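Scroll down for the structure; my scribbles are underneath it.
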Amino acid sequence: MILLKPHRLPFLQLCVLWPILLLFAFPLCTSVCASLFFSSAHTILRPRPALRLLSGHALCCAFSSSLPLGLVHSGSPSSTFSSLFSSIHSLPCQHTTLCLPLSSLLPCHNDVPEDATGLEAARKQKIHNLKLKTACLENEELVQELHISDWSETQRQKLRGAHEKGEELLASVEVGTKWNLMEAYDLAKLMRVCGLEMSQRELYRPEDKPQFMDIIGVKKVLQDLRQNRNKTRVVSFTQLIDNSIAKMEKVEEELRRSQLDATQLAQVPSRTVKMMEDIMNATQIQNALASTDDQMQTQLAQLEKTNEIQNVAMHDGEMQVAEEQMWTKVQLQERLIELLKDKFGLIGKCEEENAQFKEIYEVQKQANQETSQMKDAKRRLRQRCETDLKHIHDAIQKADLEDAEAAKRYAANKERSERAIKENEEMQEDAWNKIQDLERQLQSLGTDRFDEVKRRIEEVDREEKRRVENAQFLEVAAQHKKLLELTVYNCDLAMRCTGLVEELVSEGCAGVKARYDKTNQDLAALRLEMHKEHLEYFRMLYLTLGSLIYKKEKRLEEIDRNIRLAHIQLEFCVETFDPNAKKHSDMKKELYKLRQGVEEELSMLKEKQAAALDDFKESEEALDAAGIEFSHPVDENNEEVLTRRSKMVEYKSHLTKQEDVRIAAEREEIKRARLLRSGGEAAAAQITSGSMNADHAGRAQLEL
Numbered sequence: 030m031i032l033l034k035p036h037r038l039p040f041l042q043l044c045v046l047w048p049i050l051l052l053f054a055f056p057l058c059t060s061v062c063a064s065l066f067f068s069s070a071h072t073i074l075r076p077r078p079a080l081r082l083l084s085g086h087a088l089c090c091a092f093s094s095s096l097p098l099g100l101v102h103s104g105s106p107s108s109t110f111s112s113l114f115s116s117i118h119s120l121p122c123q124h125t126t127l128c129l130p131l132s133s134l135l136p137c138h139n140d141v142p143e144d145a146t147g148l149e150a151a152r153k154q155k156i157h158n159l160k161l162k163t164a165c166l167e168n169e170e171l172v173q174e175l176h177i178s179d180w181s182e183t184q185r186q187k188l189r190g191a192h193e194k195g196e197e198l199l200a201s202v203e204v205g206t207k208w209n210l211m212e213a214y215d216l217a218k219l220m221r222v223c224g225l226e227m228s229q230r231e232l233y234r235p236e237d238k239p240q241f242m243d244i245i246g247v248k249k250v251l252q253d254l255r256q257n258r259n260k261t262r263v264v265s266f267t268q269l270i271d272n273s274i275a276k277m278e279k280v281e282e283e284l285r286r287s288q289l290d291a292t293q294l295a296q297v298p299s300r301t302v303k304m305m306e307d308i309m310n311a312t313q314i315q316n317a318l319a320s321t322d323d324q325m326q327t328q329l330a331q332l333e334k335t336n337e338i339q340n341v342a343m344h345d346g347e348m349q350v351a352e353e354q355m356w357t358k359v360q361l362q363e364r365l366i367e368l369l370k371d372k373f374g375l376i377g378k379c380e381e382e383n384a385q386f387k388e389i390y391e392v393q394k395q396a397n398q399e400t401s402q403m404k405d406a407k408r409r410l411r412q413r414c415e416t417d418l419k420h421i422h423d424a425i426q427k428a429d430l431e432d433a434e435a436a437k438r439y440a441a442n443k444e445r446s447e448r449a450i451k452e453n454e455e456m457q458e459d460a461w462n463k464i465q466d467l468e469r470q471l472q473s474l475g476t477d478r479f480d481e482v483k484r485r486i487e488e489v490d491r492e493e494k495r496r497v498e499n500a501q502f503l504e505v506a507a508q509h510k511k512l513l514e515l516t517v518y519n520c521d522l523a524m525r526c527t528g529l530v531e532e533l534v535s536e537g538c539a540g541v542k543a544r545y546d547k548t549n550q551d552l553a554a555l556r557l558e559m560h561k562e563h564l565e566y567f568r569m570l571y572l573t574l575g576s577l578i579y580k581k582e583k584r585l586e587e588i589d590r591n592i593r594l595a596h597i598q599l600e601f602c603v604e605t606f607d608p609n610a611k612k613h614s615d616m617k618k619e620l621y622k623l624r625q626g627v628e629e630e631l632s633m634l635k636e637k638q639a640a641a642l643d644d645f646k647e648s649e650e651a652l653d654a655a656g657i658e659f660s661h662p663v664d665e666n667n668e669e670v671l672t673r674r675s676k677m678v679e680y681k682s683h684l685t686k687q688e689d690v691r692i693a694a695e696r697e698e699i700k701r702a703r704l705l706r707s708g709g710e711a712a713a714a715q716i717t718s719g720s721m722n723a724d725h726a727g728r729a730q731l732e733l
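In terms of this note's numbering, the sequence shown opens at residue 30 and continues consecutively.
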């Protein structure tokens, strides 16, 4: 039985409280009423301290476990009996005894359900611990009761039995006290105590899934590039693509073992891979120029055939056929120039198409910046994780030391308590032998025992709370430590994957740059060859046009002479009224018409010659810039004209058998022109001054 003695109540006052107790505690009414009735018949020498422990919330919790659910409010059970016990404490009466069944407050391990969680489970655990302590202290009160009982061997045996039971109950308190459902340590407290920086939302979790589908997409694009038929053109991309696919497979393999999100990482090589694909699909200049080259070969073959026909016609004296072939040569050579311009246009288009790959430097620079930023971010995250790991390691070491010291201190206190209890029992045995002389000392020892047991119960309570808090700390720290270590692992893996992607970008950019440089070199060499080819075709066209212009000018001079002769003949006929005047007049008109046609043809040929010369200026500048020495077709044409004039002068001198003044003057003019072309200005001046007299003499003779 538990003795509850708030005050010494008279029997009649307790009878007034029976209806109230019967109303609120019907299941216990029989035992409570009987205890009140029989315990009120005698008085207790002094109040018991255990009542204060059971008063208030503890007793209400004990009552609430036995009351029907309808009599207990959903809130705190102490609210039901607060008014009842306040009225009991306030009654000014003598000390009485209120007895409750001991079995209702004895420890029961089945009172705490194993599946209880949350606040309800913690509350029930608290009630369970309170029951254990109450039962232990109630037994100590019984020991104190026995201390003040009458002397008898039976009482002494009861005391020994109570001591044994007290040891069992104390052991049950030590074993059964649990505080593991109280949340004494959590992540926020861990971060506050250890000074951690990283929160859980910044850390990788084991349940996080890696995001690497974009990496698989990059690998798929590279595999498609492997099937590109242009990958070996100019600069081979085969090894580059194979290395890139191998790196992407390694990145994918690494990511499968991680919790990383590789979406941003997969965007880094996208522009590089796109430029690799574009440069492989770029137009090849040789294929673009193939059709034009075939047409030019056809034109050259026709030009060669025309030259043969012209040479045969000139050898046979067919000047009209030779002139027609000359016009055909001009048309063919103009067509060659047009085809050459088309080739320049195709080369320009290829250069424009290839110019977009100049951005490869910026692409590589941007990719390097992105990978550097990702590496720096992961490196900073790793350093922060390592700092938190160090703090957690230090905190765990400190907690282990404190736990070892606390456990050692608790073991020493327990050993001291065991010795104290054992000594107390021995001293009680001695006191029983001297009970009559040492009753007060026995009572004092009983009080000391009660205080020691109470202190030990409190110490057990504190120790269990400390153990639970330490276990929770170790569990929370271990979980957070795993997350930090996993984050460090993911940071290292992310840095490795980023390095591989950076190598891929670097190799891809190097390959694109190599193909870009090689293509530019080929285009420059091809453009230079086109300029050389333009020089040859321009030389052919210019010399042909120069020959035609020379012949047309000579033809024009001959027509002018014929016009002058016809005019002289006409004047002679008019002077003598010769009937042939009409014939000379018609001849003069025909010669003027012929002269006009020749002038138009000569003007057209000179325009063609000037247009061809303007078109050649770009090739001339390109050849000069390349340091290629060549004989300019204009100089060659002038030299050819001078050579032809010299040859005609020789022919004239052979025909006339003597050099007249006009032929000599023409010789001097040709010599002066050659000296001027060779740069001999002083010699030309001498020849000019020396030939002036001959010119005047020749003109005078011609006038005569």
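Yeah, the Cβ is synthetic: ideal placement off N, Cα and C, and Gly gets one too. These figures come from a predicted structure and were not determined experimentally.
Identify whether residue i lies in helix, strand or coil by the three-state DSSP scheme.
i: residue 288; result: coil
i: residue 695; result: helix
i: residue 326; result: helix
i: residue 736; result: This structure gives no information on residue 736, because the portion of the chain shown stretches from 30 to 733.
i: residue 748; result: Outside the shown range of the chain (30 to 733) lies residue 748, about which nothing can therefore be said.
i: residue 657; result: coil
i: residue 573; result: helix
i: residue 346; result: coil
i: residue 265; result: coil
i: residue 89; result: Summary for residue 89: the model assigns pLDDT 38, below 50, so the residue's position carries little reliability, and this model does not support an answer.
i: residue 311; result: coil
i: residue 483; result: helix
i: residue 146; result: coil
i: residue 417; result: helix
i: residue 162; result: helix
i: residue 117; result: Note on residue 117: pLDDT 36, under 50, position unreliable in the model; the coordinate value appears next. If DSSP states are grouped into helix, strand and coil, residue 117 belongs with the helices.
i: residue 601; result: helix
i: residue 463; result: coil
i: residue 608; result: coil
i: residue 55; result: With a pLDDT of only 41 at residue 55, under 50, the local geometry of the prediction cannot be trusted, and no value is derived from it.
Suppose the cutoff is 8 Å on Cβ atoms and the five residues either side in sequence are ignored; what does the same chain contact list for residue i look like?
i: residue 599; result: 610, 613, 614 and 617
i: residue 371; result: 321
i: residue 244; result: 277, 280, 281, 284, 291, 294 and 295
i: residue 246; result: 295
i: residue 334; result: none
i: residue 470; result: 460
Within its chain, find whatever has a CB closer than 7 Å to the CB of residue i; leave out the 5 residues flanking it on each side and keep chain order.
i: residue 171; result: 191
i: residue 227; result: 413, 414, 417 and 513
i: residue 297; result: 396, 399, 400, 530 and 534
i: residue 527; result: 294, 400, 403 and 404
i: residue 161; result: 136, 201, 202, 205 and 206
i: residue 659; result: 564 and 652
i: residue 435; result: 495
Going by the C-beta, is residue i closer than 6 Å to any heavy atom of the ligand ZN?
i: residue 701; result: For the ligand ZN, the structure offers nothing, since it holds no ligand at all.
Could you name the residues of the same chain whose beta carbon sits closer than 6 Å to that of residue i, not counting the 5 residues immediately before and after it, in chain order?
i: residue 750; result: Because the chain spans 30 through 733 in this model, residue 750 falls outside it and cannot be assessed.
Considering Cα atoms alone, identify which of the options is closest to residue i.
i: residue 676; options: 663, 275, 700 and 655; result: 700
i: residue 376; options: 342, 319, 324 and 584; result: 319
i: residue 299; options: 254, 187 and 554; result: 254
i: residue 531; options: 409, 403 and 324; result: 403
i: residue 238; options: 519, 313 and 669; result: 519
i: residue 231; options: 288, 625 and 268; result: 288
i: residue 425; options: 309, 584, 507 and 150; result: 507
i: residue 672; options: 266, 388, 503 and 703; result: 703
query: Counting Cβ pairs, one atom from each stretch, are 3 or more of them under 8 Å apart for the stretch 328-339 and the stretch 392-409?
result: no
- prompt: How do the stretch 416-428 and the stretch 572-586 stand: do at least 3 beta-carbon pairs fall below 8 Å, yes or no?
  reply: no
- prompt: Does the stretch 499-518 come close enough to the stretch 410-419 that 3 or more CB-CB pairs lie under 8 Å?
  reply: yes
task: Please list the segments of the alpha helix (DSSP H) lying wholly inside the stretch 188-232, counting only runs of 4 or more residues, in order along the chain.
output: 216-223
message: Is it the case that the stretch 444-460 contacts the stretch 473-481, given that we only count it when at least three CB pairs across the two stretches are under 8 Å?
response: yes
task: Kindly confirm or deny that the stretch 196-207 and the stretch 154-165 touch, where touching means at least three C-beta pairs closer than 8 Å.
output: yes
message: Can you confirm whether the stretch 630-640 touches the stretch 535-555 when touching is taken to mean that 3 or more C-beta pairs between the two stretches lie within less than 8 Å?
response: no
- prompt: Taking one C-beta from the stretch 486-493 and one from the stretch 380-390 each time, how about it: are there three or more such pairs within less than 8 Å?
  reply: no
- prompt: Are there three or more Cβ pairs, one per stretch, closer than 8 Å when the stretch 358-373 is compared with the stretch 480-490?
  reply: no
message: Three or more C-beta pairs under 8 Å: does that hold for the stretch 556-565 against the stretch 650-660?
response: yes
task: For the stretch 377-462, list the alpha helix (DSSP H) runs that are entirely contained and at least 4 residues long, ordered along the chain.
output: 389-462
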